[in-house]
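K.L.:
Heads up, the sequence shown is in the numbering used here, so the first residue is 7 and it goes up one at a time. A single structure is presented below for examination.
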Amino acid sequence: MITNTIANELQVSPQQVQAAIALLDDGATVPFIARYRKEATQGLDDIQLRQLEQRLQYLRELEDRRQVIIKSIREQEKLTPELETQLTRVQSKTELEDLYLPYKPKRRTKGQIAIEAGLLPLADALFADPTLDPDQQAADYVNPDAGVADTKAALDGAKFILMERFAEDAVLLQKIRRHLIEHAFISSKVVVGQEQAGAKFSDYFEHTEKLMKTPSHRALAMFRGRNEGILQVSLVADPGQQDDVRSSYCEVIIAEHLGLTFSDRAADKWLQSVVQWTWRIKTLLHMENELFGLLRDNAEQEAIQVFAKNLNDLLMAAPAGAKVTMGLDPGLRTGVKVAVVDETGKVLATNTIFPHAPQNHWDKSVRTLANMCQQYKVQLISIGNGTGSRETDKLVAELIKANPQFGLNKIVVSEAGASVYSASELASKEFPDMDVSLRGAVSIARRLQDPLAELVKIEPKAIGVGQYQHDVSQSNLGKSLETVIEDCVNAVGVDLNTASVALLSHVSGLNKTLANNIVQFRDTHGAFEGRKQLLNVDRLGPKAFEQAAGFLRVMNGKDPLDRSAVHPEAYPLVTKIVETAGTAVNDLIGNTELLRRLKPDTFVSDEFGLPTITDILKELEKPGRDPRPEFKTATFKDGVDKISDLKLGMTLEGVVTNVANFGAFVDVGVHQDGLVHISALTNKFVSDPREVVKAGDIVKVKVLEVDVARKRISLTMRMDDEVVAKPAEKNTKKVHEKAPKTSRGAQPQANRGNAIMGNALADAFANAKRRG
């Protein structure tokens with residue numbers, strides 16, 4: 007059943023799903039299955055496999071919960087064939103819990119107490135026959151010994167019985183849920199007396215919008231305001247009604263579902279109050295909690311997805327490559343930290359210079375840097391983009407101008423998370439004798455050489471490309487970001503002889519323990535000469551080897567295939583290909599003309615199918631090819647160092663630092679990212695900014711608006727956009743997308759702005775039944 011459900015959702019065959027499930031259950035990772043088990047899954051890609059993996063977990067949890075519920079109801083001797091059929095068919099956790107609600111063990115309720123007092127016949131009689139007089143019927147049930155002091159107490163008890171019964175009707179709950187999803191609003195108001203303390207939530211002091219269309223950033227902002235005691239947030243079931251109108255359309259839904267019509271019959275008024283109680287006392291709060299939970303879940307999911315996409319773009323940014331690099335961690339009063347690393351990232355030298363106020367050792371700093379560049383043959387200079395970045399950039403520009411013989415190039419890089427790495431346990435183990443302040447400069451140098459290899463050492467949440475990351479489920483966020491890192495690391499591949507423990511631990515089939523063991527083996531026995539040596543590493547068995555070997559590279563080993571993505575299990579196939587080609591392996595690798603003359607289908611066997619053979623031939627053509635783009639750099643405009651230097655219509659070059667659903671943030675070198683709204687990215691309509699840009703892209707922009715006081719910059723990538731000076735806007739209740747400061751450290755600004763402008767939740771709510 008689970009297999010068919012997933013197959014229908016992914017629009018693939020059940021056989022493909024079953025094969026993938028079997029591999030996952032056997033311990034295979036998604037990267038391994040996607041690359042090396044294409045025949046088994048008939049070509050399921052990594053995106054499909056990730057979706058399959060997530061749905062498999064959900065549906066298995068659903069099935070486990072289903073069995074617990076069925077067992078519980080059976081033990082109560084209340085499981086009918088009809089109920090069991092209903093429980094078996096539902097495909098969402100929400101509907102499953104709706105059906106279980108009447109049978110769920112709970113504390114004694116007022117309805118249960120009333121039943122124990124003998125009031126059930128009264129409730130059933132009045133519900134079945136509204137012509138009965140409630141007071142007359144209730145008189146027969148007055149029993150002070152049972153806690154029923156008078157007729158009012160008897161009628162209240164009967165009311166509680168019916169109210170609880172109706173509020174546990176799964177079909178009725180589904181009707182109300184559908185109505186609220188379509189029509190309800192979410193409303194927020196400031197808690198009296200919290201106006202000043204909660205000024206940052208002023209946009210939500212008196213805010214109402216349709217629940218279904220609430221973007222994720224606004225939902226998360228309101229929930230944060232509520233958690234901090236600043237806002238009152240409530241569900242508005244009947245928008246447009248005046249406060250003095252007490253009836254709700256949900257009461258109509260309840261009455262119609264129960265077949266109740268109200269006229270002048272004796273019990274109609276009492277039954278109408280039962281309906282009102284059912285809605286106001288039981289169902290409204292239940293639905294508010296449930297729908298707010300769903301809204302939060304979907305807002306979190308969207309925020310996590312944006313974070314994951316931006317992290318992927320950042321990790322897959324173009325590497326500068328194996329070049330001697332100088333890293334500069336800018337600072338003003340505390341000085342600029344300097345570190346030089348060789349082609350492999352090994353630290354050659356460190357220093358601290360003080361070119362800026364108050365010391366102002368400008369000329370001395372230039373000479374110090376020049377001496378270090380000459381001594382260590384520096385090729386690249388990587389400058390962190392934090393405080394003092396533009397001033398340090400000018401220093402380096404003077405260094406380059408005064409020393410053209412060095413052939414230096416300078417690049418400003420994001421230093422987000424550098425201080426987190428500097429103080430981490432990993433950095434302490436890597437550089438036990440190095441001052442914490444200098445470790446950041448090392449990280450800045452290395453992240454230019456290879457962003458992926460260096461950024462995996464930093465907790466993803468500290469890199470600063472997320473939105474409201476501290477408000478979402480940290481468990482779900484962590485899982486999502488770990489998945490991104492795993493996919494990126496395995497897509498690029500890892501040099502077995504230079505990779506850090508942090509990088510190795512993300513390779514398919516490996517973990518921190520095995521990664522540590524690999525590095526210890528390497529330190530003890532020297533560089534690996536081939537992949538097969540991995541089997542000599544402590545605790546690294548055949549299964550881990552199978553999963554990891556294809557993603558690990560031995561660049562100067564004995565077997566040239568060890569530097570490629572060809573899996574060792576396919577080496578015998580390569581031998582056949584080499585024999586057919588009539589040449590040596592070394593002569594075949596990279597020989598495009600010869601490889602393209604070979605016919606893949608001639609090598610098909612029971613062991614190797616056409617997809618694997620095709621992949622191997624492509625890999626032999628360009629072994630170990632890097633999927634990341636070509637390295638490019640942005641040049642910030644001279645004289646534009648702070649936001650006040652920006653002028654309307656000014657054309658600048660910048661780097662995309664973050665992409666949200668409403669646009670892209672661009673660093674133009676003024677320590678405050680500007681926003682290119684989605685409508686200003688291109689002349690054609692796009693629904694997703696990532697169709698045009700991604701984090702790390704170098705773009706040309708034009709300044710549309712500058713608000714120095716609020717530190718907001720509006721940019722456009724459409725060079726023909728007309729720039730019109732606007733009068734200063736007054737602060738309104740409108741929700742703005744605020745551009746973030748370029749920052750670093752353990753608490754990067756959530757989401758480079760106030761938040762993520764999410765898509766409407768229509769699709770999310772429409773799919774809520776499927777996802778539960």
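Yeah, the Cβ is synthetic: ideal placement off N, Cα and C, and Gly gets one too. Since this is a predicted model, take the numbers as computed values, not measurements.
Count the other C-beta atoms from every protein chain shown that fall within 10 angstroms of the C-beta of L616, then say buried if there are 16 or more, exposed otherwise.
P.N.:
In the sequence shown, the residue the question calls residue 616 occupies position 610. When all chains shown are included, L616 counts as exposed.
K.L.:
Return the chain-ordered list of same chain residues with a C-beta closer than 6 Å to the C-beta of D568, the five sequence neighbours on each side being excluded.
P.N.:
Looking up residue 568 in the sequence shown gives position 562. The answer, listed in chain order, is G536, R537 and V560.
K.L.:
Which same chain residues end up closer than 6 Å to D565 when comparing Cβ atoms and leaving out the 5 residues on each side of it in sequence?
P.N.:
Here residue 565 refers to the residue found at position 559 when the sequence shown is read from its first residue. Same-chain partners within the cutoff: G536.
K.L.:
Can you check whether the CB of F207 is closer than 8 Å to the CB of I236?
P.N.:
Reading the sequence shown from its first residue, position 230 is the one you call residue 236. Reading the sequence shown from its first residue, position 201 is the one you call residue 207. Closer than 8 Å, so yes.
K.L.:
By Cβ distance, which residues of its chain are closer than 7 Å to P325, with the 5 residues on each side in sequence left out?
P.N.:
In the sequence shown, residue 325 corresponds to position 319, counting from 1. Cβ neighbours of P325 beyond the five flanking positions: Q455, D456, P457, R634 and F637.
K.L.:
Sorted by chain position, which residues of the same chain lie with C-beta nearer than 7 Å to T489's C-beta, five sequence neighbours on each side aside?
P.N.:
Within the sequence shown, the letter at position 483 stands for residue 489. Result list for T489: R56, in chain order.
K.L.:
Measuring straight from C-alpha to C-alpha, what distance separates I423 and T356?
P.N.:
As a working note, residue 423 is residue 417 in the sequence shown. As a working note, residue 356 is residue 350 in the sequence shown. Residue 423 is actually Gly in this sequence, not Ile. Whole-angstrom Cα-Cα distance: 20 Å.
K.L.:
Assign F211 to one of three DSSP states: helix, strand, or coil.
P.N.:
Here residue 211 refers to the residue found at position 205 when the sequence shown is read from its first residue. Coil.
K.L.:
Leaving out the 5 sequence neighbours to the left and right, which residues in its chain are closer than 8 Å to S788 when beta-carbon positions are compared?
P.N.:
Only positions 7 to 778 of the chain appear in this structure, which leaves residue 788 out of reach.
K.L.:
Does the segment 545-558 come within contact of the segment 509-524, defined as at least 3 CB pairs closer than 8 Å?
P.N.:
The segment 545-558, when compared against the segment 509-524, does touch it at the 8 Å Cβ threshold.
K.L.:
Is the segment 279-288 in contact with the segment 163-173, if contact means three or more CB pairs nearer than 8 Å?
P.N.:
Verdict: yes, contact present.
K.L.:
Have a look at H531 and N522 and give me their C-alpha separation to the nearest angstrom.
P.N.:
By one-based count along the sequence shown, residue 531 stands at place 525. By one-based count along the sequence shown, residue 522 stands at place 516. Each residue's alpha carbon lies about 14 Å from the other.
K.L.:
Count the other C-beta atoms from every protein chain shown that fall within 10 angstroms of the C-beta of T267, then say buried if there are 16 or more, exposed otherwise.
P.N.:
Your numbering for residue 267 matches position 261 in the sequence shown. The residue is exposed, with fewer than 16 neighbouring Cβ atoms inside 10 Å.
K.L.:
Using the rule of at least 16 other Cβ atoms within 10 Å of the residue's Cβ for burial, across every protein chain shown, is D477 buried or exposed?
P.N.:
Within the sequence shown, the letter at position 471 stands for residue 477. The residue is buried, with at least 16 neighbouring Cβ atoms inside 10 Å.
K.L.:
Mapping the DSSP letters down to three states, classify G327 as helix, strand or coil.
P.N.:
Counted from its first residue, the sequence shown places residue 327 at position 321. Coil at G327, not helix or strand.
K.L.:
By DSSP, does R339 sit in helix, in strand, or in coil?
P.N.:
Taking the first residue of the sequence shown as position 1, residue 339 is located at position 333. R339: coil per DSSP, three-state reduction.
K.L.:
Whose CA, out of Q92, A459, W276 and A129, lies closest to the CA of I76?
P.N.:
Start at 1 with the first residue of the sequence shown, and residue 76 comes out as number 70. Cα-wise, what sits closest to I76 is Q92.
K.L.:
Taking the alpha-carbon of V198 as reference, which of L186, R232, H223 and L217 has the nearest alpha-carbon?
P.N.:
Along the sequence shown, read from residue 1 onward, the residue named residue 198 stands at position 192. Nearest C-alpha to V198: R232.
K.L.:
Let me know the secondary structure DSSP gives G484 once reduced to three states.
P.N.:
One-based indexing of the sequence shown puts residue 484 at position 478. Looking at G484 - three-state DSSP - the assignment turns out to be helix.
K.L.:
Closer than 8 Å is the cut-off here; do at least three beta carbon pairs connect the segment 11-23 with the segment 45-60?
P.N.:
Touching, yes, given that three or more Cβ pairs across the two stretches are closer than 8 Å.
K.L.:
Are the beta-carbon atoms belonging to L509 and L321 less than 8 Å from one another?
P.N.:
Here residue 509 refers to the residue found at position 503 of the sequence shown. Here residue 321 refers to the residue found at position 315 of the sequence shown. Taking 8 Å as the Cβ cut-off, L509 and L321 do not qualify as a contacting pair.
K.L.:
So, is V449 buried or exposed, given that buried needs 16 or more other C-beta atoms within 10 angstroms?
P.N.:
As a first step, residue 449 must be located in the sequence shown, where it is residue number 443. As written in the sequence, residue 449 is Ser, which differs from the Val given in the question. It counts as buried.
K.L.:
Just to confirm the assignment: which complete alpha helix (DSSP H) runs, minimum length 4, are found wholly within the segment 351-419?
P.N.:
You should have 368-382 and 395-408.
K.L.:
Leaving out five residues before and five after T157 in sequence, what residues of the same chain have Cβ atoms less than 7 Å from its Cβ?
P.N.:
On the sequence shown, residue 157 is found 151 positions in, with the first residue counted as 1. If we look at T157 and ignore the five residues flanking it on each side, its Cβ neighbours are D141, A144, A145 and V148.
K.L.:
When you compare only the Cα positions, how much space is there between D501 and L414?
P.N.:
Your numbering for residue 501 matches position 495 in the sequence shown. Your numbering for residue 414 matches position 408 in the sequence shown. If I take the Cα positions, the gap works out to 27 Å.
K.L.:
Spatial neighbours of T598 within its chain, please: C-beta separation below 8 Å, excluding the five flanking residues on both sides.
P.N.:
Taking the first residue of the sequence shown as position 1, residue 598 is located at position 592. These residues qualify, in order along the chain: E627.
K.L.:
Please name the residue or residues paired with Q282 in a DSSP beta bridge.
P.N.:
What you label residue 282 is simply residue 276 of the sequence shown in a count that begins at 1. Q282 pairs with nothing; no bridge assigned.
K.L.:
Figure out for me which residue from R271, P245, V707 and R453 has the closest Cα to the Cα of A328.
P.N.:
Taking the first residue of the sequence shown as 1, we reach residue 328 at position 322. It is R453 whose Cα lies nearest to the Cα of A328.
K.L.:
If you drop the 5 nearest sequence neighbours on each side, which residues of the same chain put their C-beta closer than 8 Å to that of I719?
P.N.:
Taking the sequence shown and counting its residues from 1, the one referred to as residue 719 is at position 713. The residues are I649, L652, V674, V676, Q678, D679, G680, L681, V709, E711, V712, D713 and A745.
K.L.:
Are the CB atoms of I359 and L338 nearer to each other than 8 Å?
P.N.:
Here residue 359 refers to the residue found at position 353 when the sequence shown is read from its first residue. Here residue 338 refers to the residue found at position 332 when the sequence shown is read from its first residue. No, the Cβ-Cβ distance between I359 and L338 is not below 8 Å.
K.L.:
Please classify R716 as buried or exposed, where buried requires at least 16 other C-beta atoms within 10 Å of its C-beta.
P.N.:
Numbered from 1 along the sequence shown, position 710 holds the residue referred to as residue 716. R716 should be labelled exposed.
K.L.:
Taking the alpha-carbon positions, what's the E3 to K416 distance?
P.N.:
In the structure as shown, the chain starts at 7 and stops at 778, and residue 3 therefore has no counterpart that could be examined.
K.L.:
Decide if the segment 386-404 is in contact with the segment 332-347; the criterion is three or more beta carbon pairs, one per stretch, under 8 Å apart.
P.N.:
In short, these stretches touch, since the Cβ pair count reaches three.
K.L.:
S685 by DSSP, collapsed to three states: which one?
P.N.:
Position 679 of the sequence shown, counting from 1, holds the residue named residue 685. Helix at S685.
K.L.:
Please classify E6 as buried or exposed, where buried requires at least 16 other C-beta atoms within 10 Å of its C-beta.
P.N.:
With the chain represented from 7 up to 778, any question about residue 6 goes unanswered, as that position is not in the structure.
K.L.:
Tell me, please, whether the segment 684-691 touches the segment 664-674 by the rule of three or more beta-carbon pairs shorter than 8 Å.
P.N.:
Flag = yes, the segment 684-691 and the segment 664-674 touch.
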